[in-house]
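According to the working numbering, the sequence shown is numbered sequentially starting from 26.
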Amino acid sequence: MNDSLKLEFLPWEHKDKIVPFIQAQVETHHKVVNDLLPDDEYLYNDVDLPMTPGLFDTFVDDTPTPFYAKRLLKLFIKQMSNPTTKTRKATYEKIIFDNIASYGEEFVDRFQQVERDESRVQEEALWLLEHAAHREVVKFAVTVLGCTDCEKYKELLFTIGMHEEFTSYVVFALKNGTSRANDQIWQLARQVHGWGKIAAVEQLEATSPKIKQWLLIKGCENTIMDEYLAYTCADKGDLEVALEEDEISRELYDGANRIIQALLHDDAFDSIEDYQYASIVLSRFVHHARVHCNTVNDFYTLMKIYEFINADEAVWEERFNNHWQKHERDAIRQAIQPLINGHKWSYVALDMLQSDYDLKALEIARFYELDVTDNLFELLKKYPTNGELYLAIMATNNDQHIKKLCTFAESHLSLSSLSNDEQDCLQYLIQDLHEYEGVGLPLIQAALESDNGSLQYQALTVLEAWQSEISQQPSVQAAIKNIASTSKDKEDRKLAKQLM
């Protein structure tokens, strides 16, 4: 054949474009109402559900692929010099090969050292935004746009930033390429609620009393974890100064309550231990609690402060070596004791647990050493797949309670076709059955026969801890043999073979 037909497949063709998808939502609803993105179908399958917007970037290896940024920059320079379908395709395909969360910082450093025509940079960045059918291309284009004076594209950037997958990149572009960026970042922080809010608040500068007040009242509240932003909001918002007032508003009290709870949480990233104004803030909060403490959530924070103040002396020796003084601890202890001594909140918590489940009410009841196990079992009848109830009962470490819970689970969980919630409940149960030989064997059997690798492993470790006679039962052996021959996990296969 003298003639040949060359087929050229362009990676952005015949696919929904991401930026118009976001713009349509914002134009109609003034916010993003659908977190999904058009390229989800390329990234996820029927088993792997889409991640929360912005979460994936936190998992990306921050060690860039060697020479990747350098090669991508070379392609983009070539595209700017000669913007054809061929050069744009080469850049586009290179962008979607890796994640900008990994190489972005290096790319920006290199890009800012290159002599360039800003108008050409912007033209090609806008072309990418117009045609992008993959999220990495949007992130790249926003980053490149932010390396120029992009004042006239503020509105476009803001709209893109309202989708939390792109908020952190838009914040960079606003700070780097526009004037009065802080006002835009604050506005954006009030529009988003998850990873995007975390990114925006971390970059927000508390340049006015209004921003400081917002940080203390609304700043750390988000759909991910308050613990991510509690320290940032306390620090930037000058919480210690705000609480020095003789009287504070209910709004400020609620905001401080949220921040202090998060700082005291075991999972806090920057905790109360790192906070230099901890003694002032806790002292003033306890002072204001005499007026404002009127809900279980309010008292829960006081309970956590009490536990913090009454930690082991060895812990306090270390604190005294940092930024605490003995008289500060003694003053808080003395001030909080009357609020703890009354039993009002133990009765309130008990009353709540008689009608519905509330984790904070449960912790308060346990703080006052109340036995609420019967209440938990009653609630379990209403909510047989509430994993927190299983955890709470297992935490009693009481033989009779655990046997009763296993019996309940055997009759109320669909052991042959476990739902996701039921799998969680079963996980909470069997992970602590090692010391309860023979208890919950049908649950162990169900875990072995499930297609959940974590459940299978937990069941195998329980059988390993029990007497070998139990694992030799025919039905149990059949399930173990199946794991030994079919499991994709090497450790599971090894453990199963040992039990055989």
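The C-beta atom is built at its ideal place from N, Cα and C for all residues, glycine as well.
Please report the straight-line C-alpha distance between Leu468 and Glu494, rounded to a whole angstrom. 17 angstroms
Report the rounded CA-to-CA distance for Glu553 versus Asp260, giving the unit in angstroms. Residue 553 cannot be examined here, being either before or after the span of the chain that is shown, 26 to 525.
Buried versus exposed, by CB contacts within 10 Å (16 or more), Phe122: exposed
With DSSP collapsed to three states, give me the class of Asp292. coil
Should the segment 158 to 176 be regarded as contacting the segment 193 to 212, the criterion being three or more beta carbon pairs within less than 8 angstroms? yes
Give the DSSP-derived three-state secondary structure of Tyr408 in the structure shown. coil
What residue range is occupied by the uninterrupted alpha helix (DSSP H) comprising Gly171? Arg160 to Gly171
Can you tell me which of Glu189, Val196, Phe197 and Glu230 puts its alpha carbon nearest to the alpha carbon of Gly221? Glu189
Are the CB atoms of Ala287 and Glu252 within a distance shorter than 8 angstroms? yes
Could you round the C-beta distance between Ala267 and Phe310 to whole angstroms and report it? I think they count as a contact, below 8 angstroms. Not quite, the Cβ-Cβ distance comes to about 11 angstroms (not below 8 angstroms), so this is no contact.
At a cut of 8 angstroms, does the segment 148 to 167 reach the segment 115 to 130 through at least three beta carbon pairs? yes
Do the segment 129 to 144 and the segment 85 to 105 meet, that is, are 3 or more Cβ pairs less than 8 angstroms apart? yes
Going along the chain, which unbroken runs of the alpha helix (DSSP H) with 4 or more residues stay wholly within the segment 174 to 240? 179 to 186, 192 to 202, 206 to 214, 220 to 228 and 234 to 239
Rounded straight-line distance, which links the Cα of Tyr128 to that of Tyr93: 7 angstroms
Is the segment 436 to 444 touching the segment 411 to 420, taking contact as three or more C-beta pairs under 8 angstroms? no
Straight-line Cα distance separating Leu153 from Ser106: 15 angstroms
Give a yes or no on contact between the segment 369 to 380 and the segment 393 to 404, applying the rule of three or more CB pairs nearer than 8 angstroms. yes
Please state the DSSP three-state secondary structure of Leu144. Reading the sequence as shown, one finds Ser at residue 144 and not Leu. Reduced to three states, the DSSP call for Ser144 is helix.
Does the distance from the C-beta atom of Asp496 to that of Leu451 stay below 8 angstroms? Checking the sequence, you will find Ser at residue 496 rather than Asp. Cβ distance not < 8 angstroms, so Ser496 and Leu451 don't count as in contact.
Name the residue from Asp383, Arg145, Asp279 and Leu327 whose alpha carbon lies nearest to the alpha carbon of Asn366. Leu327
For Asp231 and Gly262, which I take to be in contact (beta-carbon distance under 8 angstroms), what is that distance rounded to the nearest angstrom? It should be pointed out that residue 231 corresponds to Ala in this sequence rather than to Asp. The pair is a contact, with the Cβ atoms about 6 angstroms apart (cut-off 8 angstroms).
What ranges does the beta strand (DSSP E) occupy inside the segment 447 to 496, keeping only unbroken runs of at least 3 residues that lie completely in it? none
Under a CB-based cut-off of 8 angstroms, is Ser496 close to chain C? Of the protein chains in this structure there is only one, and it is not chain C.
Under 8 angstroms, do Glu265 and Tyr302 count as touching if we go by C-beta distance? yes
Around the C-beta of Val57, are 16 or more other C-beta atoms found within 10 angstroms, so that it is buried, or is it exposed? buried
Have a look at Glu403 and Glu272 and give me their C-alpha separation to the nearest angstrom. 43 angstroms
Helix, strand or coil: which one does DSSP assign to Met328? helix
If you count every other CB in all the chains shown that lies within 10 Å of the CB of Glu180, and 16 or more means buried, which is it? exposed
Suppose contacts are defined by Cβ-Cβ distances below 8 angstroms. Is Phe191 in contact with Lys164 by that definition? yes
In this structure, does DSSP put Lys42 in helix, strand or coil? coil
With distances taken Cα to Cα, identify the nearest neighbour of Tyr461 among Ile361, Leu405, Ser475 and Ala484. Ala484
Start-end ranges of the beta strand (DSSP E) lying completely within the segment 347 to 381, minimum 3 residues: none
Residue interval of the alpha helix (DSSP H) (run including Glu66): Asp65 to Leu68
By Cβ distance below 8 angstroms, which residues in the same chain neighbour Ile508 in space, the five residues on each side in sequence not counted? Leu473, Gln481, Leu485, Asp517, Arg518 and Ala521
Among Val464, Arg315 and Lys111, nearest to Ala490 - alpha-carbon criterion: Val464
What does a CB cutoff of less than 7 angstroms around Asp60 pick up in its chain, not counting 5 residues either side in sequence? Pro78
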